[in-house]
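Below is one structure, written out as structure tokens; comments come after it.
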Amino acid sequence: MTLAEGILEGAVDLHRHGYPEISDDLRTPVSDVDDITTCRDAGMRGVVLKSHVWPTIGRAQLVAQAVEGIAVIPSITLNRFAGGITPDIVEMAVKQGAGVVFLPTVSAASDLARAGISARIAGVIDRFDAAREVGTRMLTSDGELTPDARNLLDVLDDFPVLVYSGHVSTTETIALLKTGRLSDRYVFAHPDSHSIGARADEMAEAARLGAFVEICALGAYPQIGRVTHADLAGMVRLVGAERCVATSDYFFSWSPPSSAMLQDLADGLAAAGLSRRELELIFRDNPAHLVHNHL
Numbered sequence: 015m016t017l018a019e020g021i022l023e024g025a026v027d028l029h030r031h032g033y034p035e036i037s038d039d040l041r042t043p044v045s046d047v048d049d050i051t052t053c054r055d056a057g058m059r060g061v062v063l064k065s066h067v068w069p070t071i072g073r074a075q076l077v078a079q080a081v082e083g084i085a086v087i088p089s090i091t092l093n094r095f096a097g098g099i100t101p102d103i104v105e106m107a108v109k110q111g112a113g114v115v116f117l118p119t120v121s122a123a124s125d126l127a128r129a130g131i132s133a134r135i136a137g138v139i140d141r142f143d144a145a146r147e148v149g150t151r152m153l154t155s156d157g158e159l160t161p162d163a164r165n166l167l168d169v170l171d172d173f174p175v176l177v178y179s180g181h182v183s184t185t186e187t188i189a190l191l192k193t194g195r196l197s198d199r200y201v202f203a204h205p206d207s208h209s210i211g212a213r214a215d216e217m218a219e220a221a222r223l224g225a226f227v228e229i230c231a232l233g234a235y236p237q238i239g240r241v242t243h244a245d246l247a248g249m250v251r252l253v254g255a256e257r258c259v260a261t262s263d264y265f266f267s268w269s270p271p272s273s274a275m276l277q278d279l280a281d282g283l284a285a286a287g288l289s290r291r292e293l294e295l296i297f298r299d300n301p302a303h304l305v306h307n308h309l
């Protein structure tokens, strides 16, 4: 038995895109039903469906009916397309079953400035002009939370769902965490990515303030090539496995099945020196804790 063998037994993937996502041109290799069936057969306990564009509530319900034996958890990403960071949008999504609220990605001012996913969408959707977007900011020019950000925190106080940083800036993430209102239910999304570009000290600070740092399989594939498994293992050692979650970020036509992405990540992290217990924390225990009400 290898160190990472069977690690998907009880695992939860908190960040998995599906199809459709953004455009008909951006297809996943298989349907959500087929891919999540593979997740279930690998022993996984749950999967969060994410979309940059639409709430995944209806899709998750249908997939859950088609694939028994695994929790299919819906989410909303608070981009302009889905209504933005308005409290009633959050309340509506949560009351329809959303278990995760992603802060803005394509609509985040930081993503627009860094030409992140917004640049990819601009290359697919003719009428989306990133240069004309009024990006969502969580902070004023004085570094204080905006009224919209404060209103968002107010509604999140009433609904203890998991909150993902999306593509807001590291500075915004740390400011939100410093309020203490999202401690132990906030994931700092792929801080190694081009969309975020966090420094090591910023990752450590976010974890100290109560965030979980995402260790994302996607970035280590050669088609993306932003990190190695050794780099990702270094992130785990930096903040501690008790403050990390492993995810697939399954998205593209070339992607292996999402469960295979997780297994590849586990094998790579084990080869880079992480222990079995560390793997159990980041693939199973921590993600399950964060969405335990939906499992």
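Our numbering runs 14 ahead of the 1-based position in the sequence shown. Heads up, the beta-carbon is just placed ideally off N, CA and C, and yes, glycines get one too.
Cβ of residue i within 8 Å of any chain C Cβ
{"i": "D206", "result": "Looking for chain C here will not work: only one protein chain is present."}
Through-space distance from residue j to residue i, alpha-carbon basis
{"i": "H308", "j": "A78", "result": "12 Å"}
{"i": "A129", "j": "S37", "result": "18 Å"}
{"i": "L223", "j": "N300", "result": "16 Å"}
{"i": "G194", "j": "H181", "result": "20 Å"}
{"i": "H66", "j": "D263", "result": "12 Å"}
{"i": "P271", "j": "T52", "result": "8 Å"}
{"i": "P88", "j": "P205", "result": "23 Å"}
{"i": "R151", "j": "A127", "result": "11 Å"}
{"i": "A302", "j": "E158", "result": "33 Å"}
{"i": "D55", "j": "I131", "result": "31 Å"}
{"i": "S179", "j": "A247", "result": "21 Å"}
{"i": "T42", "j": "R134", "result": "16 Å"}
{"i": "T185", "j": "L170", "result": "20 Å"}
{"i": "R146", "j": "R290", "result": "48 Å"}
{"i": "G282", "j": "I103", "result": "39 Å"}
{"i": "G238", "j": "F297", "result": "Note that residue 238 is Ile in the sequence shown, not Gly. Using only the alpha carbons, I get a separation of about 22 Å."}
{"i": "F173", "j": "L166", "result": "11 Å"}
{"i": "P34", "j": "D48", "result": "14 Å"}
{"i": "G254", "j": "D245", "result": "14 Å"}
{"i": "L288", "j": "V241", "result": "16 Å"}
{"i": "G32", "j": "A280", "result": "22 Å"}
{"i": "L312", "j": "A220", "result": "An answer regarding residue 312 cannot be provided, because it is not within the stretch 15 to 309 covered by the chain."}
{"i": "D39", "j": "F142", "result": "16 Å"}
{"i": "E256", "j": "G233", "result": "21 Å"}
{"i": "T16", "j": "A284", "result": "9 Å"}
{"i": "V305", "j": "A218", "result": "23 Å"}
{"i": "G20", "j": "S207", "result": "28 Å"}
{"i": "L295", "j": "E216", "result": "22 Å"}
{"i": "E105", "j": "D168", "result": "11 Å"}
{"i": "I84", "j": "G211", "result": "33 Å"}
{"i": "V175", "j": "S121", "result": "21 Å"}
For residue i, the residue or residues it bridges with in DSSP
{"i": "H31", "result": "K64"}
{"i": "E13", "result": "Absent from the model: residue 13. The displayed extent of the chain is 15 to 309, so no value can be given."}
{"i": "I296", "result": "Partner(s): none; I296 has no beta bridge."}
{"i": "V201", "result": "Y178, F226"}
{"i": "A122", "result": "T150"}
{"i": "F116", "result": "T91, Y178"}
{"i": "V86", "result": "V61"}
{"i": "V138", "result": "The partner list for V138 (beta bridge, DSSP) is empty, contrary to what the question assumes."}
{"i": "V77", "result": "DSSP lists no partner for V77."}
{"i": "V26", "result": "G60"}
{"i": "L159", "result": "L153"}
{"i": "S37", "result": "E35"}
{"i": "Y235", "result": "Its beta-bridge partners do not exist; DSSP assigns none."}
Given residue i as reference, the closest of the options once Cα atoms are compared
{"i": "V114", "options": "R213, V26, S45", "result": "V26"}
{"i": "Q379", "options": "R291, G111, R141", "result": "The requested residue 379 does not occur in the structure, where the chain is confined to residues 15 to 309."}
{"i": "L293", "options": "H243, A214, V175, H306", "result": "H243"}
{"i": "S209", "options": "S183, E228, L246, A234", "result": "S183"}
{"i": "R94", "options": "D102, P118, L191", "result": "P118"}
{"i": "L153", "options": "M249, P174, A189", "result": "A189"}
{"i": "D46", "options": "L22, A80, E19, L17", "result": "A80"}
{"i": "T91", "options": "D281, I21, G233, L63", "result": "L63"}
{"i": "V44", "options": "G60, W268, L276", "result": "W268"}
{"i": "A18", "options": "F226, Q277, H306", "result": "Q277"}
{"i": "G72", "options": "V108, R298, F142", "result": "V108"}
{"i": "S155", "options": "E82, A123, P174, D168", "result": "A123"}
{"i": "G57", "options": "H29, V86, E23", "result": "E23"}
{"i": "V250", "options": "L232, G233, A286", "result": "A286"}
{"i": "A225", "options": "V177, V120, G211, A214", "result": "V177"}
{"i": "V259", "options": "S207, A203, D215", "result": "A203"}
{"i": "R30", "options": "M217, D168, V227, F265", "result": "F265"}
{"i": "S273", "options": "C230, L295, A212", "result": "C230"}
{"i": "L28", "options": "W68, V86, E82, P69", "result": "V86"}
Buried or exposed (CB count within 10 angstroms, at least 16 for buried), residue i
{"i": "I50", "result": "buried"}
{"i": "V148", "result": "exposed"}
{"i": "P236", "result": "exposed"}
{"i": "G60", "result": "buried"}
{"i": "A214", "result": "exposed"}
{"i": "E13", "result": "Since the first residue of the chain shown is 15 and the last is 309, residue 13 is not available in this structure."}
Cβ-heavy atom distance, residue i to the ligand FAD, below 7 Å
{"i": "L246", "result": "The ligand FAD is not part of the structure shown, which contains no ligands of any sort."}
query: Three or more beta-carbon pairs under 8 Å between the stretch 98-105 and the stretch 146-164, yes or no?
result: yes
task: Could you tell me whether the stretch 193-207 touches the stretch 134-148, where touching means 3 or more Cβ pairs closer than 8 Å?
output: no
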